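Asker:
In the working numbering, the protein residues as written are 25 to 641.
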């Protein structure tokens, strides 16, 4: 592992030196910009080196940072992970294509997030598993549970994981192509180096610590860049931007209710269906992936709950507006994609899309600020990639290697496999990134693959009849339908469904299939269900059938599902009112904005009082 790390460092220094010496790139970047960028790169490597010895002690330390992390650090880490280099590109794509209201495609996942906070965070922490895949063998029984854990270790840890990382790398390709004149391969190579080094050395602890720095850097960079760009002479300031004829139709928070297609696709489906029915990394119904990893790393249940709450507030209410304003500004500077193509003739035409307007806007920044923003984008890239690398490596080393290949593997051996997996996952993701063209299209494909499976992840905690066959069925059917609609349906029937129609059909078929199989197959063994019930203590009526059949008594609990649901509802309103309150202020509608922010603030105090009582130590 040390050899691999040294090899990466040598390659990085050699390549950078070569290209700088030959003046083949970096022509737009000043010396000051490079000092800023490399200062942060050096800091991240030093953090990885500093924690390398500690992280190598055990798998719990490498993958869960010793289970001693405070809520605020974990919450910021979650936010930093979801703030990737592709996120502002995606938001820009959405705004240019569908206006501000198009963001309901991801704003709707707030409902999922708040449900995770108040219903599932404490359950995950009680499980005391090392990875969320270990859940399968404490919840289900028989060889089917073993198969499920093994298969999903590869399915999620490799396939899904590298697809997400590839979309992030695609953003790096577009940013590097616009601002640095790099080829796609160069972008992938350079962007992966630093991340692989500190992730493979320092484990999750170094990932979380660097996430804190990266989040602060990313927020400062995006806000500062936004302020500078909207005050360009071509834009004329915030008020002029908002009143520009090209922009006015893009400002609405809700889609046009007279436009049936927009109303259905932008608002109704995300709010009514998508949040509970679709599995997507970072917005998993019931929590999962790197979100579950952070909750499992918390000191206790309370820290798990508060960390996830902080994540949802910051992710949805604090971050979006700088990206949205830059996206709106790009419509004035680059009304057509041809304007971008003409401005950057050396950029590969295959990657020119609405999402590339964001880095195109950043090219207008002055020296110093450009370096800071580039460093912030690099930080956003690395925070996401490092989390996915550590999360995916945990699946490979713990849920696959130790569980099925070598049960006698030592802790240091598991860590070594985790470090090697970190490097290999990055390599695979890089090659896939070179074949992608559009971040929004990749987002839609992943949504389609996970369509209909979300309800399983919500109900498996609270309905005793859900078994391993339920999850296997949902996984197979949703994946098969995604492949069918993408490559076969149109050729067979010579017509195509709209994307939202495909999504709804997939959800309906997948959900019906897994429920039917659940009722037709035997439930999980009594002993396993009994152990799970008294360990996790899931409240609600979904376990009454099991208790009645076996003449068992409910556990004595002071937890209130109604109070948790009330908190969930209040916090959803807090975030949405905060998000749109800030938006109204930016739009110059001071009265509406102030009222919404006051309501959000008052409800925040109310929620805090309820939570202080609900989650007393």
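Even for Gly, the Cβ is constructed at its ideal location relative to N, Cα and C.
Source: prediction; values computed, not measured.
1) Have a look at 326, 80, 414, 598 and flag the residue whose alpha-carbon is nearest the alpha-carbon of residue 92.
2) Do residue 224 and residue 78 count as a contact pair if the criterion is CB distance below 8 Å?
3) Rounded to a whole number of angstroms, what is the C-alpha to C-alpha distance between residue 496 and residue 172?
4) With a threshold of 16 other CB atoms inside 10 Å of the CB of residue 550, please say whether the residue is buried or exposed.
5) My guess is that residue 473 and residue 432 are in contact by the Cβ rule of under 8 Å, so how many angstroms apart are they, rounded?
6) Please report the residue range of the alpha helix (DSSP H) in which residue 243 lies.
7) Identify the residues that DSSP records as bridge partners of residue 302: which are they?
8) Please work out which residues of its chain come closer than 7 Å, Cβ to Cβ, to residue 631, disregarding the five sequence neighbours upstream and downstream, and give them in chain order.
9) Here's the rule: buried if 16 or more other CB atoms are within 10 angstroms of the residue's CB, otherwise exposed. What is residue 346?
10) Between 617, 526, 585, 607, which has its C-alpha nearest residue 142's C-alpha?
11) For the alpha helix (DSSP H) that residue 631 lies in, which residues bound it at each end?
12) When the Cα atoms are used, what is the spatial distance from residue 660 to residue 341?
13) Between which two residues does the alpha helix (DSSP H) containing residue 491 stretch?
14) If you draw a straight line from the alpha carbon of residue 69 to that of residue 234, how long is it in whole angstroms?
15) Just to confirm before moving on: does the CB-CB distance between residue 108 and residue 408 stay below 8 Å?
16) Starting from the C-beta of residue 273, find all residues in its chain whose C-beta is less than 8 Å away, skip the five residues before and the five after it, and write them out in chain order.
17) Could you give the DSSP three-state label for residue 442: helix, strand or coil?
18) Got a sec? Which residues, its chain only, sit under 6 Å from residue 182 by beta carbon, not counting five neighbours each side?
19) Taking the C-alpha atoms as reference points, what is the distance between residue 286 and residue 323?
20) Of the residues 381, 99, 82, which one's Cα is nearest the Cα of residue 365?
21) Would the segment 411-422 and the segment 307-321 be scored as touching if the rule is three or more Cβ pairs under 8 Å?
22) Examine the Cβ distances between the segment 130-147 and the segment 292-304 and report whether three or more of them are shorter than 8 Å.
23) Is it true that the segment 479-493 meets the segment 519-528, where meeting means three or more beta-carbon pairs spaced less than 8 Å apart?
24) Ignore the nearest five residues each way along the sequence and tell me which others in residue 246's own chain have a CB closer than 6 Å to its CB.
25) In or out: residue 575 buried (at least 16 other Cβ within 10 Å) or exposed?
26) Nearest-angstrom Cα distance between residue 620 and residue 606?
27) Look up residue 93 in the DSSP assignment and give the residues it is bridged to.
28) Would you report the Cα separation of residue 538 and residue 486, rounded to the nearest angstrom?
29) Please classify residue 403 as buried or exposed, where buried requires at least 16 other C-beta atoms within 10 Å of its C-beta.
30) By DSSP, does residue 367 sit in helix, in strand, or in coil?
31) Within 10 angstroms of its Cβ, does residue 311 collect 16 or more other Cβ (buried), or is it exposed?
32) Please name the residue in 255, 509, 441 whose C-alpha comes closest to that of residue 390.
33) If you count every other CB in all the chains shown that lies within 10 Å of the CB of residue 8, and 16 or more means buried, which is it?
34) Which residue marks the beginning of the alpha helix (DSSP H) containing residue 547, and which one marks its end?
35) How close, in whole Å, do the beta carbons of residue 498 and residue 534 come, if the pair is a contact with beta carbons under 8 Å?
36) Apart from the five residues on each side of it in sequence, which residues of its chain come closer than 7 Å, Cβ to Cβ, to residue 289?
Answerer: Short version:
1) Counted from its first residue, the chain shown places residue 92 at position 68. Nearest option by C-alpha distance: 326.
2) In the chain shown, residue 78 corresponds to position 54, counting from 1. In the chain shown, residue 224 corresponds to position 200, counting from 1. Inclusion of residue 78 and residue 224 in the CB contact set at 8 Å is not warranted, their separation being larger than that value.
3) Locating residue 496 in the chain shown gives position 472, where the first residue counts as 1. Locating residue 172 in the chain shown gives position 148, where the first residue counts as 1. So the alpha carbons of these two residues sit roughly 7 Å apart.
4) Translated into the one-based positions of the chain shown, residue 550 becomes position 526. Result: exposed.
5) Within the chain shown, numbered from 1, the residue matching residue 473 stands at position 449. Within the chain shown, numbered from 1, the residue matching residue 432 stands at position 408. In fact, because the Cβ distance is near 35 Å, the residues do not count as touching under 8 Å.
6) For the purposes of this step, residue 243 is identified with residue 219 of the chain shown, where counting begins at 1. Its alpha helix (DSSP H) spans residues 208-254.
7) Residue mapping note: residue 302 aligns to position 278 of the chain shown, counting from 1. For residue 302, DSSP records a beta bridge to 475.
8) As a working mapping, residue 631 is identified with position 607 in the chain shown. Correct list, in chain order: 591, 594, 595, 598.
9) As a first step, residue 346 must be located in the chain shown, where it is residue number 322. By the neighbour-count rule (16 or more Cβ atoms within 10 Å), residue 346 is buried.
10) Looking up residue 142 in the chain shown gives position 118. Here the closest residue by C-alpha is 585.
11) For this step, residue 631 is matched to residue 607 along the chain shown. For residue 631, the uninterrupted alpha helix (DSSP H) segment begins and ends at 614-638.
12) As displayed, the chain neither begins before 25 nor continues past 641, which places residue 660 out of reach and without an answer.
13) Here residue 491 refers to the residue found at position 467 of the chain shown. Note, residue 491: premise wrong, no alpha helix (DSSP H); not H, not E.
14) In the chain shown, counting from the first residue as 1, residue 69 sits at position 45. In the chain shown, counting from the first residue as 1, residue 234 sits at position 210. Straight-line Cα distance between these residues: approximately 10 Å.
15) The sequence position of residue 108 within the chain shown is 84, counting from 1. The sequence position of residue 408 within the chain shown is 384, counting from 1. In this structure, residue 408 lies closer than 8 Å to residue 108 by Cβ.
16) If you number the chain shown from 1, residue 273 lands on position 249. Only residues of its own chain outside the window of five on either side were considered, and among them 123 have a CB closer than 8 Å to the CB of residue 273, listed in chain order.
17) The sequence position of residue 442 within the chain shown is 418, counting from 1. Secondary structure at residue 442: helix, using DSSP grouped into helix, strand and coil.
18) One-based indexing of the chain shown puts residue 182 at position 158. Answer for residue 182: no residue qualifies.
19) Here residue 286 refers to the residue found at position 262 of the chain shown. Here residue 323 refers to the residue found at position 299 of the chain shown. Counting only the Cα atoms, residue 323 lies some 44 Å from residue 286.
20) Position 341 of the chain shown holds residue 365. Put simply, of 381, 99, 82 the residue whose alpha carbon is nearest the alpha carbon of residue 365 is 381.
21) Touching, yes, given that three or more Cβ pairs across the two stretches are closer than 8 Å.
22) By the Cβ criterion, the segment 130-147 is in contact with the segment 292-304, since at least three pairs of Cβ atoms, one from each stretch, lie closer than 8 Å.
23) As far as the Cβ criterion goes, the segment 479-493 does not touch the segment 519-528, which means the pair count is below three.
24) By one-based count along the chain shown, residue 246 stands at place 222. The beta carbon of residue 246 lies closer than 6 Å to those of 346 in the same chain, with the five residues before and after it left out.
25) As a position in the chain shown, residue 575 is number 551, starting the count at 1. Around the beta carbon of residue 575, fewer than 16 other beta carbons sit within 10 angstroms, so the residue counts as exposed.
26) Locating residue 620 in the chain shown gives position 596, counting from the first residue. Locating residue 606 in the chain shown gives position 582, counting from the first residue. Taking C-alpha positions only, residue 620 is separated from residue 606 by approximately 9 Å.
27) Reading the chain shown from its first residue, position 69 is the one you call residue 93. DSSP, once it has assigned bridges, lists 322 as partnering residue 93.
28) To locate residue 538, count along the chain shown from 1; it is residue 514. To locate residue 486, count along the chain shown from 1; it is residue 462. When rounded, the distance between both Cα atoms is 16 Å.
29) By one-based count along the chain shown, residue 403 stands at place 379. Burial call: buried.
30) The sequence position of residue 367 within the chain shown is 343, counting from 1. For residue 367, the three-state secondary structure derived from DSSP is helix.
31) Reading the chain shown from its first residue, position 287 is the one you call residue 311. Around the beta carbon of residue 311, 16 or more other beta carbons lie within 10 angstroms, which makes this residue buried.
32) Mapped onto the chain shown, residue 390 falls at position 366. Closest option to residue 390, Cα to Cα, is 255.
33) Lying outside 25 to 641, the shown extent of the chain, residue 8 is not represented and no answer is given.
34) Here residue 547 is taken as the residue at index 523 of the chain shown, counted from 1. Segment: none, residue 547 is in no alpha helix (DSSP H) and carries neither H nor E.
35) Numbered from its first residue, the chain shown carries residue 498 at position 474. Numbered from its first residue, the chain shown carries residue 534 at position 510. Going by Cβ atoms, the distance from residue 498 to residue 534 rounds to 6 Å, so yes, they are a contact pair.
36) Along the chain shown, one-based indexing puts residue 289 at 265. So the qualifying residues of the chain are 524.
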